[in-house]
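In my numbering, the protein residues as written are 156 to 481.
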Amino acid sequence: MQALQVKRLSDDLSGTSLIDEQVPERKPGDVLVRVRAASLNFPDLLMTQGKYQFKPEVPFTSGLELAGEVVEADPSSAFQPGDKVIGGNKTGAFAEFACIPERGLSPLPHGLSFAEGAAMGATYSTAYTGLIELCGLNEGQWVMVTGASGGVGLAAVDLAKAMGAKVIAATGVDAKRERIAALYEPDAVILSEGRFREQVSEITGGKLCDIVFDPVGGDVFDECTRCVSFAGKLMVVGFTSGRIADIATNIPLIKGFSVVGLRAGEYARRFPERGAAISSEIAKLASEGRIKPAIDRILPLSQWREGFQAMASRELVGKVVFEPGT
Numbered sequence: 156m157q158a159l160q161v162k163r164l165s166d167d168l169s170g171t172s173l174i175d176e177q178v179p180e181r182k183p184g185d186v187l188v189r190v191r192a193a194s195l196n197f198p199d200l201l202m203t204q205g206k207y208q209f210k211p212e213v214p215f216t217s218g219l220e221l222a223g224e225v226v227e228a229d230p231s232s233a234f235q236p237g238d239k240v241i242g243g244n245k246t247g248a249f250a251e252f253a254c255i256p257e258r259g260l261s262p263l264p265h266g267l268s269f270a271e272g273a274a275m276g277a278t279y280s281t282a283y284t285g286l287i288e289l290c291g292l293n294e295g296q297w298v299m300v301t302g303a304s305g306g307v308g309l310a311a312v313d314l315a316k317a318m319g320a321k322v323i324a325a326t327g328v329d330a331k332r333e334r335i336a337a338l339y340e341p342d343a344v345i346l347s348e349g350r351f352r353e354q355v356s357e358i359t360g361g362k363l364c365d366i367v368f369d370p371v372g373g374d375v376f377d378e379c380t381r382c383v384s385f386a387g388k389l390m391v392v393g394f395t396s397g398r399i400a401d402i403a404t405n406i407p408l409i410k411g412f413s414v415v416g417l418r419a420g421e422y423a424r425r426f427p428e429r430g431a432a433i434s435s436e437i438a439k440l441a442s443e444g445r446i447k448p449a450i451d452r453i454l455p456l457s458q459w460r461e462g463f464q465a466m467a468s469r470e471l472v473g474k475v476v477f478e479p480g481t
């Protein structure tokens with residue numbers, strides 16, 4: 156089978172290549188899946204550089220999440236050969252076959268294609284865990300999402316709208332605003348440049364935002380501290396800007412807001428019953444047609460470099476999905 160292997164860490168993808176290798180041997184508790192689609196996430200790019208908090212030993216097969224068909228499972232497994240599933244692990248998805256712990260899989264939601272299923276897991280799990288599980292999102296609240304053209308940001312916009320929130324989508328690229336608006340119809344789409352607090356205040360009628368969901372960090376996070384309301388929540392989701400921001404503790408003290416850290420995967424591992432409940436709720440929303448992931452492009456795995464480079468250069472509005480074997 157073909158697999159995308161990271162042989163050595165590098166800043167320019169020179170240590171990553173498509174190789175031929177044996178189909179992985181399934182261990183007890185694992186499920187062997189024929190991968191029909193696998194989506195690219197920002198941590199996949201960071202792991203090729205050794206810059207993500209999880210640092211697998213090289214060489215490793217890249218890829219966090221997939222959708223496909225069960226080939227083989229334990230006799231006692233809830234999954235049978237032919238079942239359509241979504242899920243993943245920290246690595247291994249960018250290959251024609253993958254062995255995934257059974258707890259990391261769930262049925263493909265009704266009405267979704269393999270590509271849509273592969274694009275849903277990590278991003279919507281992050282959005283749901285942050286907005287609903289940790290921040291207790293309520294209908295009618297103001298939510299601002301930065302990095303709103305990326306997979307996680309778009310999922311947060313989509314989910315917040317589905318839950319009845321009033322949503323401000325913020326992006327650093329003016330050319331992306333129209334497509335974000337067309338995809339999920341947020342209440343406003345703004346540029347996250349300079350002092351954008353004044354725009355947020357005007358849009359919300361001076362209330363500012365009950366929840367700020369920030370995957371960007373850096374200068375954007377600095378300004379987000381001015382956009383969160385009293386008793387609101389500012390979520391630290393990631394650092395796609397490349398700079399981990401600092402915050403003086405007198406700012407949340409004076410403004411009375413909470414800074415909430417979000418690691419959805421770790422949350423699900425520490426609280427597996429909640430992780431399963433979150434996956435179930437996301438699948439229900441998807442099956443009802445209330446949420447749907449945005450896909451920027453679908454590529455054969457042989458064109459993996461195009462997808463990684465598009466992510467690195469911030470070209471995307473939505474997810475890149477690879478189709479192994481094509």
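C-beta atoms are modelled at their ideal positions from N, C-alpha and C, and glycine is treated no differently.
It should be emphasised that the depicted structure is a prediction, and the values quoted were computed from it without experimental measurement.
- Residue pairing of S194 in beta bridges, as defined by DSSP: E220 and V476.
- Our two residues, T326 and S347, have alpha carbons roughly 5 Å apart in a direct line.
- Per the C-alpha coordinates, the member of L363, V415 and T359 positioned closest to D369 is V415.
- Counting only runs of 3+ residues, the beta strand (DSSP E) found wholly inside the segment 240 to 270 occupies 252 to 256 and 260 to 262, in chain order.
- The beta strand (DSSP E) runs lying completely inside the segment 447 to 476 and spanning 3 residues or more are 450 to 455, given in chain order.
- Counting only runs of at least 4 residues, the segment 351 to 396 fully encloses the following alpha helix (DSSP H) elements, listed from N- to C-terminal order: 352 to 358 and 373 to 379.
- Assignment of L346 by DSSP, reduced to helix, strand and coil, places it in the strand class.
- Looking at M466, D313 and S435, the one whose alpha-carbon comes closest to that of G242 is S435.
- The beta carbon of L187 lies closer than 6 Å to those of R181, V226, E227 and C254 in the same chain, with the five residues before and after it left out.
- Restricting attention to G444, D329 and D451, the CA atom closest to the CA of L267 is found in G444.
- Leaving aside the five residues that flank F394 on each side, the residues in its chain whose CB is nearer than 6 Å to its CB run, in chain order, G372.
- Of the residues F252, E333 and M275, the one whose Cα lies closest to the Cα of L263 is M275.
- CA-CA distance, E257 to G184, rounds to 6 Å.
- Within a 10 Å sphere around the beta-carbon of N196 sit 16 or more other beta-carbons, which makes this residue buried.
- Using a C-beta cut-off of 8 Å, the segment 393 to 412 makes contact with the segment 372 to 385, since at least three inter-stretch Cβ pairs fall below that distance.
- DSSP, read as helix, strand or coil, puts I402 in coil.
- Around F252, the same chain offers M156, V178, P179, L187, V188, R189, V190 and V226 as residues with beta carbons nearer than 8 Å, after the five sequence neighbours per side are excluded.
- When beta bridges are read from the DSSP output, G416 appears opposite V391.
- Of the other Cβ atoms in all chains shown, fewer than 16 fall within 10 Å of the Cβ of D329; this residue is therefore exposed.
- Of G259, G306 and H265, the smallest CA-CA separation from T281 is found for G306.
- In the three-state scheme derived from DSSP, where H, G and I count as helix and E and B as strand, Q296 is classed as coil.
- One Cα belongs to S413, the other to V476, and the distance between them is close to 35 Å.
- In this structure, D365 lies away from V472, with their beta-carbon atoms at least 9 Å apart.
- Contact between E294 and A320 holds: CB atoms are separated by about 7 Å, below the 8 Å threshold.
- For K321, DSSP records a beta bridge to W297.
- T481 carries a coil assignment under DSSP once its states are collapsed to helix, strand and coil.
- Here the C-alpha atom of A273 lies approximately 10 Å from the C-alpha atom of L219.
- CA-to-CA, the gap between L389 and A467 works out to about 25 Å.
- By DSSP's assignment, R189 forms a beta bridge with E224 and F252.
- For G411, the CB contacts under 6 Å within the same chain, skipping 5 residues up- and downstream, are F385 and A386 in chain order.
- Shortest Cα-Cα distance from P455 to any of Q296, F463 and T203 involves F463.
- With a 10 Å radius around the Cβ and a threshold of 16 neighbouring Cβ atoms, E353 comes out exposed.
- Taking the Cα positions, G285 is about 12 Å away from A423.
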